[in-house]
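*Asks:* Under the UniProt record's numbering, think of the first position of the sequence shown as 10, with each following residue one higher.
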Amino acid sequence: TLRAARPLAVPRALPGAYTHRFASTFALLEQRDGKLQPSAQNVVTAARTLGNPVVGFVAGKAAKEVAEQAAKIEGVDKVIYVASEAYEKGMPESYAPLVAENAPEDTTHILSVHSIFGKNVMPRLAALLDVQQVSDITAVESPDTFVRPMYAGNIIATVQSSEAKKLITVRQTAFKAAAVGSAAAAEIVEGKDSKHVGSVEWVEEHPAVSDMPDLATASKVVSGGRGLKSKENFDGLLIPLANAMGAGVGASRAAVDSGFADNSLQVGQTGKVVAPELYLCVGISGAIQHLAGMKDSKIIAVINKDPDAPIFQVADVGLVADLFEAVPEMTKKLQK
Ligand code: FAD
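(1) Is any heavy atom in the ligand FAD found nearer than 6 Å to the beta carbon of Gly268?
(2) Can you tell me the Cα-Cα spacing of Leu59 and Val156, whole angstroms?
(3) Label Asp305 either buried or exposed according to how many other C-beta atoms from any shown protein chain fall within 10 Å of its C-beta, with 16 as the threshold for buried.
(4) Under three-state DSSP, which class holds Asn313?
(5) Between the Cα of Met254 and those of Gln181, Pro152, Phe269 and Ser228, spot the shortest distance and give me the residue it belongs to.
(6) Can you give the beta carbon distance from Leu237 to Phe243, rounded, assuming they're within the 8 Å contact cut?
(7) Indicate, with yes or no, if the ligand FAD has a heavy atom lying under 6 Å from the CB of Thr340.
(8) Looking at the secondary structure, which residues open and close the alpha helix (DSSP H) in which Arg235 lies?
(9) Exposed or buried, Asp223, counting other C-beta atoms within 10 Å across all chains shown (16 or more means buried)?
(10) Kindly list the residues whose CB is nearer than 7 Å to the CB of Ala105, restricted to its own chain and excluding five residues on each side of it in sequence; keep chain order.
(11) Specify, as a first and last residue, the run of the beta strand (DSSP E) that residue 347 falls within.
(12) Compute the beta-carbon to beta-carbon distance between Thr182 and Ala284, rounded to the nearest angstrom, for a pair I have assumed lies under 8 Å.
(13) May I ask which residues mark the beginning and end of the alpha helix (DSSP H) holding His118?
(14) Based on the DSSP secondary-structure assignment, which residues constitute the bridge partners of Arg142?
(15) So, with DSSP's three-state summary, where would you put Thr182?
(16) Report the start-end ranges of each alpha helix (DSSP H) in the segment 202–283 that is 4 residues or longer and not cut off at the edges.
(17) Taking Lys314 and Asp331 to be in contact with their CB atoms under 8 Å, please state how far apart those CB atoms are, rounded to whole angstroms.
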C-alpha cells in the first residue's frame with residue numbers, strides 16, 4: 010500500500026539539465042563601434058550547451074542595431090539591449106551594475122567571452138552578485154561542471170560550481186561559432202537603465218589599425234620572435250610573408266618587449282589565445298608561456314635555426330634554417 014500511495018514518477022530531463030520553466034542563460038555579447046564581435050557566436054554556442062533559453066545582452070551607443078545583429082545568431086531566444094553612449098566602451102565600473110540590473114532574476118548562468126571586455130566586467134559583476142566566477146572555460150561537462158586550463162595550460166581542471174548563479178568566461182577558440190541566419194529569429198527588448206556612473210572615465214584610445222586579418226579569428230597566423238632581431242626585420246621580413254600567405258600576424262612576448270611588434274599582437278599566457286588552422290612560428294623558442302596561447306592550433310609549423318629549440322616538440326612540420334634566408338625565399342615562392 011505504501012508503494013501504491015507514492016506519486017507517479019515525474020518525467021526526468023537529461024541528468025543535470027535545468028527544468029525550471031523560466032530559467033535562462035544570460036550571455037553578454039561584446040560589441041565595438043556598433044558591430045557585434047565574432048566572439049558573440051562562440052559565447053552563444055557555450056550558452057546553448059547549458060540547456061536553458063539564451064538571452065543575449067548588448068549595450069552601447071548603437072545597441073539597438075547590434076541587438077538586431079545578435080538576434081540573427083541561431084540559438085538566441087531573446088536579446089535585451091541598452092542604447093546609451095555611456096556603455097559604449099564597456100567600462101566595468103558602469104557596465105557591471107547595468108548587467109546586474111538587466112539579468113533576469115531566474116538566470117542560472119551569466120556568460121561572457123574571456124576577452125579584455127569579459128575579464129574586466131565579469132569579476133566586478135561577481136563581486137556585485139557575491140558569487141565566485143569560473144574563468145576561461147574550454148568545455149561544459151554539465152550545467153554546473155566546467156573544464157578550464159590552469160598554470161598556462163599545464164593542468165586541465167574540471168571544476169564544479171555550487172553557486173545559484175554561475176558566472177563564466179568562455180575561451181572563444183574552444184567553442185564553435187554558432188551560425189548566423191539571414192533574418193532575426195529572436196525577440197528584441199529594450200532593457201532598463203538606471204544611468205550607472207562609474208568612478209572611471211574613458212578619455213581616449215589609440216587602436217592599432219591594420220588591414221591584415223584579425224589575429225584572434227584568422228585561419229592562418231605567422232608569428233615572429235626574438236630571432237628576428239629588430240623591428241625592421243619584423244616589418245620587412247615577417248609581415249610580407251604573412252601577407253603572401255593571407256595570414257594574421259602574431260608575436261612572442263620577447264618580440265613585443267623588444268619593440269619589434271605592437272602589444273596587441275602578443276600570443277601566449279599574457280597575450281591572445283589563438284587556434285588557427287595553421288600557426289607558423291619564426292624565430293620563436295617555444296617557452297611554455299608562448300605555447301599556452303597557440304598549442305591548440307591545428308597545424309604548427311616552425312622555422313628555427315636551433316634543432317634543439319623546444320618549439321620543435323609541439324611542431325607538426327619544422328624547418329631547421331636561418332630565418333634570414335628561409336623567410337625571403339618562402340615569401341618569393343608564395344608571391345609567384
Ligand atoms: P627566445 O626565447 O629568445 O627565442 C628566440 C628563438 O629564435 C631561439 O629559439 C633561436 O634559436 C631562434 N633564432 C635566433 N636567430 C635565428 C635565426 N637567424 N633564424 C632562425 N631562428 C633563429 N612569452 C610569450 O611569447 N607570450 C606570453 O604571453 C608570455 N607571457 C609570459 C608570462 C610570464 C609570467 C612570464 C614569466 C613569461 C612570459 N612570456 C611570454 C615569456 C616567455 O617565457 C619567453 O621569454 C618568450 O616567449 C621568448 O620569446 P622568443 O621565443 O621570441 O625568444
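Built from N, CA and C at the ideal position, the CB exists for glycine as well.
*Replies:* Based on what the coordinates show:
(1) no
(2) 14 Å
(3) buried
(4) strand
(5) Ser228
(6) 5 Å
(7) no
(8) Arg235 -> no alpha helix (DSSP H), and no H or E assigned at all.
(9) exposed
(10) Val130, Arg133, Leu134 and Leu137
(11) No answer is possible for residue 347: it lies beyond the span of the chain, which begins at 10 and ends at 345.
(12) 4 Å
(13) Looking at the DSSP string, His118 is not in any alpha helix (DSSP H); the run it does join, the beta strand (DSSP E), is Thr116 to Val122.
(14) Note that residue 142 is Gln in the sequence shown here, rather than Arg. Gln142 is bridged to Leu176.
(15) helix
(16) 248–254 and 262–266
(17) 5 Å
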